[in-house]
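A short worksheet on the structure shown next.
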Amino acid sequence: MVRIKAAINIMKQRVSHKISVKIGLSFLLMAIAIEMGIFISLFLLVVNTWINEQASSLVKRGENHAHVLTNDFTAQTIKHVVLTEKGDTDMAIIVQSPDGQTLMASQVVNSKMKKHLAKFTSASQGKSEVLEAV
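If you want it as structure tokens, here you go:
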């Protein structure tokens, strides 16, 4: 057993002093470092692109709903717009009267939504607005 350990130690000493092993290990470590940097960069790029696409898609849907309601602000149209988003958890539709009263909503209006709406209600009297919560 002692002979085997001694032989292994001698082999390690011989291999560790060879320049080819040192060059090979340094190339391997550099390649791994470069690959890790590229993978992390690509991952962050893909994630940020996906988040931006999702956000712009939600804003576009909200703008479409606002456009429809601007052209035809009747109870039937309001009900239709709210029903189209009723089951969707990504987006909540809150239709308000010009004085700020909630006419209909696709989800229960919680305190976080009320706080977000309060910022824009006074500034956008009489306008159709798409509020983006980030």
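Positions in the sequence shown are counted from 1; adding 200 to them yields our numbering.
Cβ atoms here follow ideal geometry from the backbone N, Cα and C, with glycine treated the same way.
Environment of residue i [buried if 16+ CB atoms lie within 10 Å]
i, result
"glycine 262", "buried"
"histidine 267", "exposed"
"valine 309", "exposed"
"serine 257", "exposed"
"valine 202", "exposed"
"histidine 217", "exposed"
Cα-Cα separation between residue i and residue j, rounded to whole angstroms
i, j, result
"lysine 312", "lysine 319", "11 Å"
"leucine 303", "methionine 236", "53 Å"
"arginine 214", "alanine 207", "11 Å"
"valine 334", "asparagine 252", "In this prediction, valine 334 scores a pLDDT of 46, lower than 50, which makes its location untrustworthy; no coordinate-derived value is stated."
"isoleucine 278", "methionine 291", "16 Å"
Candidates the options: closest to residue i by CA position
i, options, result
"glycine 300", "Gln307, Lys314, Met291", "Lys314"
"glutamate 285", "Leu269, Ser306, Ile294, Gln296", "Ser306"
task = Determine, using beta-carbon pairs with one atom in the stretch 270-279 and one in the stretch 245-254, whether at least three such pairs fall under 8 Å.
result = Contact between the stretch 270-279 and the stretch 245-254 is absent, because fewer than three Cβ pairs lie under 8 Å.
ask   = Can you list, in chain order, the stretches of the beta strand (DSSP E) that have 3 or more residues and sit fully within the stretch 215-281?
value = Here no run is fully enclosed.
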